[in-house]
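**Q**
Protein chains in written order, with my numbering: chain A, 1 to 260; chain B, 261 to 336.
1. Between the C-alpha atoms of residue 269 of chain B and residue 81 of chain A, what's the straight-line distance to the nearest angstrom?
2. Since residue 51 of chain A is in the alpha helix (DSSP H), which residue starts that stretch and which ends it?
3. Give the range of the alpha helix (DSSP H) segment to which residue 321 of chain B is assigned.
4. Helix, strand or coil for residue 258 of chain A, going by three-state DSSP, please let me know.
5. Please state if the CB of residue 155 of chain A and the CB of residue 149 of chain A are separated by a distance shorter than 8 Å.
6. Residue 205 of chain B and residue 92 of chain A: beta carbons closer than 8 Å?
7. If I follow the unbroken alpha helix (DSSP H) through residue 157 of chain A, where does it start and stop?
8. Would you kindly report the start and end of the unbroken alpha helix (DSSP H) that includes residue 173 of chain A?
9. Is there a C-beta anywhere in chain B that falls below 8 Å from the one on residue 117 of chain A?
10. Just checking, does the segment 67–80 of chain A make contact with the segment 196–205 of chain A on the three C-beta pairs under 8 Å criterion?
11. So what does DSSP say about residue 272 of chain B, is it helix, strand or coil?
12. Would you identify the three-state DSSP class for residue 266 of chain B, choosing helix, strand or coil?
13. Decide yes or no for the touch test of the segment 93–103 of chain A against the segment 56–68 of chain A: beta carbon pairs closer than 8 Å, at least 3 of them.
14. What distance in whole Å lies between the Cβ atoms of residue 126 of chain A and residue 275 of chain B, which are believed to be in contact at a cut-off of 8 Å?
15. Three-state secondary structure (DSSP) at residue 72 of chain A?
16. Does residue 65 of chain A come out as helix, strand or coil in the three-state DSSP assignment?
17. Given that a residue counts as buried once 16 or more other Cβ atoms are within 10 Å of its Cβ, and exposed if not, what is residue 32 of chain A?
18. Is the beta carbon of residue 183 of chain A closer than 8 Å to that of residue 39 of chain A?
19. Taking buried to mean at least 16 other C-beta atoms within 10 Å of its own C-beta, is residue 27 of chain A buried or exposed?
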């Protein structure tokens, strides 16, 4: 059933595919984020209650959504690595973790900068904020554990295990605004109801969500390539690539589109 | 086509009095994202050269060992 996936688990093939995809994903991500930011900052009306401070939504919500999206993908990769012992899945965990950590940090920082003028405080120990902070600690734990053992395999396994166990935090973050009486507002866009946001403000927000998703994919490709080279450094195909890089004088800037 | 919301560019920078919070948010976001990209890109563009250097070093060490073994042989 999953036979068609086999070639993607081969490091050399995956390295090549990521190299092909990265420039396209990165270009699209930058364009989408630029459009979303310009549109959201200058071309939408101000909120009737929050004035211009609401414009922070165009980065806060996408970063928060994909801080959880990145965690889900990382946890799925970790699960695959633990159950089926697929090496590239293991390396994907390490590639995604720092991106997710940065997204979580962005969600927290922009949330603080939005909370100060609207709530009158930078921080409250509200269920949503606290569970998102725990998400940041989970990411940091995954990153720290993978480097904490002299035996790299053992560290990788421990960090994958933490990533899988940490999934329990995702529903807590998601439903925190419903389960508890939080200062944080409820969801603006849900799958089941009409969004409680005006269409003129919705479009730049959706573009922002798309942009953060594309950036997550692009950076994962980039970081996974580095991880593949590092872990496969004794294989002939990597040794050959390294030799080529010397003969060419320098490494091609991004290796973009060269298919190597 | 949406129109520019603000009356002037200075009004745009002032963000209706929320300049600090809005620009702090957007600034820190793009600062962090740019840093993440820069570090990831740097390690990717350096790794092949680093591996090549490592290979050359291994090669030199092996050649040196061989040379020493050859020099030692006649004496024993």
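For glycine and all other residues, C-beta sits at the position ideal for the given N, C-alpha and C.
**A** Looking at the atomic coordinates:
1. For the purposes of this step, residue 269 of chain B is taken as residue 9 along the second chain, with counting starting at 1. For the purposes of this step, residue 81 of chain A is taken as residue 81 along the first chain, with counting starting at 1. Looking at the two C-alpha atoms, the distance is approximately 52 Å.
2. Taking the first chain and counting its residues from 1, the one referred to as residue 51 of chain A is at position 51. Following the DSSP letters along the chain, one finds residue 51 of chain A in no alpha helix (DSSP H), marked with neither H nor E.
3. In the second chain, the residue the question calls residue 321 of chain B occupies position 61. Run containing residue 321 of chain B: 279–332, per the alpha helix (DSSP H) assignment.
4. The residue labelled residue 258 of chain A in the question sits at position 258 within the first chain. Residue placement at residue 258 of chain A is flagged as unreliable, the pLDDT there being 46, under the threshold of 50; a coordinate-derived value is accordingly withheld.
5. In the first chain, the residue the question calls residue 149 of chain A occupies position 149. In the first chain, the residue the question calls residue 155 of chain A occupies position 155. Yes, they are a contact pair.
6. Residue coverage of chain B in this structure runs from 261 to 336, which leaves residue 205 of chain B outside it and unanswerable.
7. For the purposes of this step, residue 157 of chain A is taken as the residue at position 157 of the first chain. 152–165 is the extent of the alpha helix (DSSP H) around residue 157 of chain A.
8. Within the first chain, the letter at position 173 stands for residue 173 of chain A. Looking at the DSSP string, the run of the alpha helix (DSSP H) that includes residue 173 of chain A is 169–179.
9. Counting from one through the first chain, the residue named residue 117 of chain A turns up at place 117. Yes, contact with chain B.
10. Three or more Cβ pairs closer than 8 Å define a contact, and the segment 67–80 of chain A falls short of that threshold against the segment 196–205 of chain A.
11. Taking the first residue of the second chain as 1, we reach residue 272 of chain B at position 12. The answer is helix: DSSP assigns residue 272 of chain B an H, G or I state.
12. Taking the first residue of the second chain as 1, we reach residue 266 of chain B at position 6. Looking at residue 266 of chain B - three-state DSSP - the assignment turns out to be coil, as it is neither helix nor strand.
13. Between the segment 93–103 of chain A and the segment 56–68 of chain A there are three or more inter-stretch CB-CB distances shorter than 8 Å, so the stretches are counted as touching.
14. Position 15 of the second chain, counted from the start, is the residue given in the question as residue 275 of chain B. Position 126 of the first chain, counted from the start, is the residue given in the question as residue 126 of chain A. The pair is not a contact, with the Cβ atoms about 25 Å apart (cut-off 8 Å).
15. One-based indexing of the first chain puts residue 72 of chain A at position 72. Here residue 72 of chain A sits in helix by DSSP.
16. Within the first chain, the letter at position 65 stands for residue 65 of chain A. Helix.
17. Stepping through the first chain from its first residue, residue 32 of chain A is reached at position 32. Buried.
18. The residue labelled residue 39 of chain A in the question sits at position 39 within the first chain. The residue labelled residue 183 of chain A in the question sits at position 183 within the first chain. No. Outside cutoff.
19. Within the first chain, numbered from 1, the residue matching residue 27 of chain A stands at position 27. Exposed is the call here.
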